[in-house]
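J.: Numbering (the numbering used here), first residue to last: 13 to 360.
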Ligand SMILES: [Zn+2]
Ligand SMILES: [Zn+2]
């Protein structure tokens with residue numbers, strides 16, 4: 013089959029790889045209908061994150077149709093149109109039962125193969141899904157496949173970010189980074205009742221998406237977000253800051269924007285080895301810091317009815333769709349944020 017594979021620094025290839033096949037009794041094979049390129053795919057692309065094998069199939073966001081199941085798969089059936097979180101889940105361990113499915117004891121991240129071990133990704137014609145019954149879910153009636161794809165990662169992650177921020181209607185909030193996850197955090201915060209959400213970025217079309225999502229955009233090239241937030245909050249700062257980038261700078265901004273006693277909720281994938289703020293700064297702010305990988309499996313089915321009913325209008329973040337063979341060009345476009353690119357889907 014054809015797939016987009018990792019080829020080194022700022023390089024992916026459209027190439028032929030082995031067809032996925034059933035390896036374990038609980039595996040399913042999904043024929044991919046659409047696959048997303050995610051901001052976190054850019055970490056290995058820029059070698060900020062090391063250890064991904066050359067030739068590994070990229071991507072952890074996909075939807076499609078089940079074409080084959082292993083002998084122990086009981087719930088998921090051939091012909092099901094399914095969506096999927098970005099990690100596999102056993103559904104039985106302590107973490108799965110507690111709803112922290114992103115830390116499943118048997119969980120594996122799609123699109124990460126290091127030293128020959130791991131799971132191939134979804135930017136391909138087909139993908140092997142282990143633990144299929146507890147990882148996959150059937151796309152509900154009234155939810156489009158593109159919405160379902162977003163629910164498997166960025167929509168869930170953004171909503172999780174907002175929930176971790178402890179939203180209440182009277183609060184004042186900031187979102188740092190208006191990529192797809194940041195936009196989803198704004199939508200999530202609004203859905204949870206937030207009336208005042210400020211959105212910080214520098215890219216005009218992303219700030220426009222933030223405005224459409226219900227936030228007050230702040231372009232930090234022309235406006236100081238710290239001044240703007242402090243002005244809006246009687247000199248205090250934001251009750252919570254939702255950080256959706258995962259860089260040193262975005263963390264630095266978060267600690268400067270949050271008020272004493274406030275929360276920084278961080279879902280940007282981190283590759284740094286040091287904190288951008290000191291223990292003393294955290295102490296002096298009585299800071300609550302919440303961070304980590306979204307348990308997307310626990311969120312996607314819970315959020316699907318909101319998406320179906322139009323309460324969470326998530327489709328707007330998709331800016332481009334390319335056939336799979338144009339994957340390398342799609343990566344460049346997404347990486348360079350050209351042509352007002354926010355979210356790219358590849359269709360095999
Ligand atoms: Zn993703
Ligand atoms: Zn588990």
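Built from N, CA and C at the ideal position, the CB exists for glycine as well. Bear in mind that the values here come from a model prediction, so they are computed numbers and not experimental data.
Pull up the distance between the alpha-carbon of residue 19 and that of residue 67, whole angstroms please.
T.: The residue labelled residue 19 in the question sits at position 7 within the chain shown. The residue labelled residue 67 in the question sits at position 55 within the chain shown. Roughly 6 angstroms separates the two Cα atoms.
J.: Taking 7 angstroms as the cut-off, is the C-beta of residue 73 nearer than that to any heavy atom in ligand 1?
T.: Taking the first residue of the chain shown as position 1, residue 73 is located at position 61. Checking the Cβ of residue 73 against ligand 1 gives yes.
J.: Which residues share a DSSP beta bridge with residue 69?
T.: Taking the first residue of the chain shown as 1, we reach residue 69 at position 57. According to DSSP, residue 69 bridges with 17.
J.: Counting beta carbon pairs with one atom in the stretch 196-204 and one in the stretch 284-299, are three or more of them shorter than 8 angstroms?
T.: With the cut-off at 8 angstroms, the stretch 284-299 and the stretch 196-204 do not touch.
J.: Using 8 angstroms for Cβ pairs, my map puts residue 55 next to residue 22. What's the rounded Cβ distance?
T.: For the purposes of this step, residue 55 is taken as the residue at position 43 of the chain shown. For the purposes of this step, residue 22 is taken as the residue at position 10 of the chain shown. Not a contact, Cβ separation roughly 12 angstroms.
J.: With H, G and I counted as helix, E and B as strand and the rest as coil, what does DSSP make of residue 157?
T.: As a first step, residue 157 is located in the chain shown; it is residue number 145 there, counting from the start. Three-state DSSP puts residue 157 in a helix.
J.: What does the alpha-carbon distance come out to for the pair residue 176 and residue 74?
T.: Indexing the chain shown from 1 puts residue 176 at position 164. Indexing the chain shown from 1 puts residue 74 at position 62. C-alpha separation (whole angstroms): 25 angstroms.
J.: Ignoring anything shorter than 3 residues or poking outside the stretch 165-223, list the beta strand (DSSP E) runs there in chain order.
T.: If we require 3 residues or more, the beta strand (DSSP E) runs fully inside the stretch 165-223 come out as 184-188 and 208-213.
J.: Rounded to the nearest angstrom, what separates residue 71 and residue 232 at their Cα positions?
T.: As a first step, residue 71 is located in the chain shown; it is residue number 59 there, counting from the start. As a first step, residue 232 is located in the chain shown; it is residue number 220 there, counting from the start. So the alpha carbons of these two residues sit roughly 31 angstroms apart.
J.: In this structure, what does DSSP give as the bridge partners for residue 23?
T.: Here residue 23 corresponds to residue number 11 of the chain shown, with the count starting at 1. DSSP output for residue 23 lists 20 as bridge partner(s).
J.: My parser needs the beta strand (DSSP E) runs of 3 or more residues fully inside the stretch 82-157; what are they?
T.: The qualifying runs are 93-95, 124-126, 129-131 and 138-141.
J.: Which class does residue 266 belong to by DSSP, given the choice of helix, strand or coil?
T.: For the purposes of this step, residue 266 is identified with residue 254 of the chain shown, where counting begins at 1. Residue 266: helix per DSSP, three-state reduction.
J.: Does ligand 2 have a heavy atom nearer than 7 angstroms to the CB of residue 63?
T.: Mapped onto the chain shown, residue 63 falls at position 51. No, ligand 2 has no heavy atom inside 7 angstroms of this Cβ.
J.: Three-state secondary structure (DSSP) at residue 356?
T.: Reading the chain shown from its first residue, position 344 is the one you call residue 356. In the structure shown, residue 356 sits in a strand (DSSP, three-state: E or B).
J.: Beta-carbon within less than 6 angstroms of residue 302's beta-carbon, same chain only, minus the 5 sequence neighbours each way: which residues are those?
T.: Position 290 of the chain shown, counting from 1, holds the residue named residue 302. Same-chain partners within the cutoff: 176 and 277.
J.: Can we count residue 313 as close to ligand 2, meaning its CB is less than 7 angstroms from some heavy atom?
T.: Residue 313 sits at position 301 when you count from the first residue of the chain shown. No - ligand 2 has no heavy atom lying nearer than 7 angstroms to the Cβ of residue 313.
J.: How far does the alpha helix (DSSP H) with residue 325 in it reach, from first residue to last?
T.: Here residue 325 is taken as the residue at index 313 of the chain shown, counted from 1. Unbroken run through residue 325: none, as it is neither H nor E.
J.: How far does the alpha helix (DSSP H) with residue 341 in it extend, from its first residue to its last?
T.: Residue mapping note: residue 341 aligns to position 329 of the chain shown, counting from 1. Residue 341 -> alpha helix (DSSP H) spans 339-347.
J.: Compute the beta-carbon to beta-carbon distance between residue 255 and residue 240, rounded to the nearest angstrom, for a pair I have assumed lies under 8 angstroms.
T.: As a working mapping, residue 255 is identified with position 243 in the chain shown. As a working mapping, residue 240 is identified with position 228 in the chain shown. Contact doesn't hold; Cβ gap of about 17 angstroms is too wide.
J.: At a threshold of 7 angstroms, does residue 107 count as lining ligand 2 (C-beta to nearest heavy atom)?
T.: The residue given as residue 107 occupies position 95 in the chain shown. Yes.
J.: Less than 8 angstroms between the C-beta atoms of residue 199 and residue 160, yes or no?
T.: Within the chain shown, numbered from 1, the residue matching residue 199 stands at position 187. Within the chain shown, numbered from 1, the residue matching residue 160 stands at position 148. No, they are not a contact pair.
J.: I'd like the span of the alpha helix (DSSP H) that includes residue 291, first residue to last.
T.: Walking along the chain shown from the start, residue 291 turns up at place 279. Counting along the chain, the alpha helix (DSSP H) containing residue 291 begins and ends at 291-296.
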